[in-house]
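Enquirer: Numbering (the UniProt record's numbering), first residue to last: 1 to 160. Even glycine gets a Cβ: it sits at the ideal position worked out from N, Cα and C. First the structure, which I've put down as structure tokens, then a few questions once you've had a look.
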């Protein structure tokens with residue numbers, strides 16, 4: 001009887017683990033698909049010659065941020081809208097703005113950053129922005145948007 005209980009317990013734990021993995025895998029599939037399509041569109045539109053990385057950015061409008069190198073060897077970030085319209089693609093040269101580290105140093109000058117959760121380069125109304133989500137000293141969620149071109153603050157959403 002004891003062996004049956006152990007078998008059932010191990011079976012249930014294994015089953016729940018397999019189901020959890022399948023659910024997570026299926027949940028990521030739409031993001032992987034749109035990112036692959038956006039990367040291909042950036043290549044087809046000749047905005048990039050080589051793609052190194054991409055992720056989805058959700059602001060007022062959703063974009064896939066695709067990083068890579070253009071045909072002249074310059075590093076760029078290309079913002080492809082999730083509707084995949086080639087005429088709406090925006091891009092910036094990474095040398096023309098602040099880096100992720102510089103954006104984090106602008107944020108940390110605030111002094112109340114306990115833990116940085118995520119940093120993404122995205123596109124909003126004024127142009128390219130660094131979106132940084134973090135926890136402050138009181139474990140409250142915060143979002144700040146720092147302008148890519150000059151490191152100025154654009155928007156803050158604090159104490160969520």
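DSSP beta-bridge partners for residue 81?
Expert: 63
Enquirer: Taking 8 Å as the threshold (beta carbon to beta carbon), is residue 25 in contact with chain E?
Expert: Within the model displayed, chain E is absent; a lone protein chain is all it includes.
Enquirer: Within a Cβ cutoff of 8 Å, which residues of the same chain sit near residue 9, ignoring the five residues on either side of it in sequence?
Expert: none
Enquirer: Tell me whether residue 129 is buried or exposed, calling it buried when 16 or more other Cβ atoms sit within 10 Å of its Cβ.
Expert: buried
Enquirer: Quick check on the burial criterion: 16 or more other C-beta atoms within 10 angstroms. Buried or exposed for residue 76?
Expert: buried
Enquirer: If you draw a straight line from the alpha carbon of residue 148 to that of residue 14, how long is it in whole angstroms?
Expert: 46 Å
Enquirer: Would residue 117 and residue 86 qualify as a contact pair, given that the criterion is a beta-carbon distance under 8 Å?
Expert: Judged by beta-carbon spacing, residue 86 lies beyond the 8 Å limit of residue 117, meaning their Cβ atoms are not closer than that value.
Enquirer: Output needed for residue 123: all residues of its chain with C-beta closer than 6 Å, excluding positions within five of it in sequence on either side, in chain order.
Expert: 63, 79 and 90
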